[in-house]
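One structure is given here, and the rest of the page talks about it.
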Amino acid sequence: MEPREELTFIQKRFLVQRLACFDTPTAALKAFEEEFGIKLQRNRVAYYNPTTKSGAALADDLKEIFHTARKEFLAGLDAIPITHKAVRLRHLNRQLEHFADRNAAPIVLGILEAAAKEMGDAFTNKHKLEHTGANGKDLAPASVTIIQLPDNGRS
Numbered sequence: 003m004e005p006r007e008e009l010t011f012i013q014k015r016f017l018v019q020r021l022a023c024f025d026t027p028t029a030a031l032k033a034f035e036e037e038f039g040i041k042l043q044r045n046r047v048a049y050y051n052p053t054t055k056s057g058a059a060l061a062d063d064l065k066e067i068f069h070t071a072r073k074e075f076l077a078g079l080d081a082i083p084i085t086h087k088a089v090r091l092r093h094l095n096r097q098l099e100h101f102a103d104r105n106a107a108p109i110v111l112g113i114l115e116a117a118a119k120e121m122g123d124a125f126t127n128k129h130k131l132e133h134t135g136a137n138g139k140d141l142a143p144a145s146v147t148i149i150q151l152p153d154n155g156r157s
C-alpha cells in the first residue's frame, strides 16, 4: 500500500478494535497484514489508538468504536477460561498426572506449590500466629484459676 493511500472504514475499524483489546501495535499490524494482505508502517497502526498521543486526532466515530470495544472486552473477561480458578486447577492437575507418571519429582513439587498458591497457600508450612486481639488490641492475659483440693490427711 502506498504511504498516503487511505484505508477503508472496515480496515480502520479492524485496527481500532484490535488496539482496543490491548493488542500491541506490532500484533495488530501482523493481524492486519494477514487479514487484508496489505503492508503498513507500525507508526501508522499506532494512530488508531486514541489513548496515545499519536491517536489523539482519531475521528470521533472511530474513538467511539474503540471505547465500546474496550468496554466490551473488559466486561467479557469471564469468557476467558484461564481467569477462573477451577480451570487453572484442572490444568495443573493434568500436568501433575502427566509428570507424576514420569517420576519427575522436581516438576511435580513445583506443580503442587503452584496449586497451593492458587488455593491461597492452603498447603504450605507457614504458620500464622495471632499476636493481637480484636482491632489490633493486646490479647487479654490468660486467667488461671487455682482450685484448692482437700488434703484428706496427706501431707
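For the sequence shown, this note's numbering begins at 3 and goes up steadily by one. Ideal placement from N, C-alpha and C gives every residue a C-beta, glycine not left out. On a predicted model such as this, the values are computed, not experimentally measured, just so you know.
(request) Please classify Asn51: does DSSP put it in a helix, a strand, or coil? (result) Residue 51 sits at position 49 when you count from the first residue of the sequence shown. Asn51 sits in coil when the DSSP states are folded into three classes, being neither helix nor strand.
(request) Along the alpha helix (DSSP H) that carries Leu17, what are the first and last residues, could you check? (result) For the purposes of this step, residue 17 is taken as residue 15 along the sequence shown, with counting starting at 1. Here the alpha helix (DSSP H) through Leu17 covers 11-22.
(message) Rounded to the nearest angstrom, what separates Leu64 and Glu99 at their Cα positions?
(response) Locating residue 64 in the sequence shown gives position 62, counting from the first residue. Locating residue 99 in the sequence shown gives position 97, counting from the first residue. Roughly 49 Å separates the two Cα atoms.
(message) For Asn95, count the other beta carbons within 10 Å of its own beta carbon; 16 or more makes it buried, fewer makes it exposed. Which is it?
(response) As a position in the sequence shown, residue 95 is number 93, starting the count at 1. It counts as exposed.
(message) As a quick exercise: from Lys41, Cys23, Ala33, pick the residue whose alpha carbon is nearest that of Glu7.
(response) By 1-based counting over the sequence shown, the position of residue 7 is 5. Nearest of Lys41, Cys23, Ala33 to Glu7, Cα basis: Lys41.
(request) Put Asn105 into one of helix, strand or coil per three-state DSSP. (result) As a working note, residue 105 is residue 103 in the sequence shown. It is coil, neither helix nor strand.
(message) So, for Lys14: in the same chain, excluding its five sequence neighbours on each side, which residues have a beta-carbon less than 7 Å away from its beta-carbon?
(response) Reading the sequence shown from its first residue, position 12 is the one you call residue 14. Excluding positions up to five away in sequence, the list reads Tyr50, Leu64.
(message) Mapping the DSSP letters down to three states, classify Gln43 as helix, strand or coil.
(response) Your numbering for residue 43 matches position 41 in the sequence shown. In the structure shown, Gln43 sits in coil (DSSP, three-state: anything other than H, G, I, E or B).
(request) Check whether the Cβ atoms of Pro52 and Phe75 sit closer than 8 Å, and answer yes or no. (result) Within the sequence shown, residue 52 is the residue found at index 50, counting from 1. Within the sequence shown, residue 75 is the residue found at index 73, counting from 1. The answer is no: Cβ separation not under 8 Å.
(message) In whole angstroms, give me the CA-to-CA distance for Ala58 and Val47.
(response) Counting from one through the sequence shown, the residue named residue 58 turns up at place 56. Counting from one through the sequence shown, the residue named residue 47 turns up at place 45. The alpha-carbon atoms of Ala58 and Val47 are separated by roughly 13 Å.
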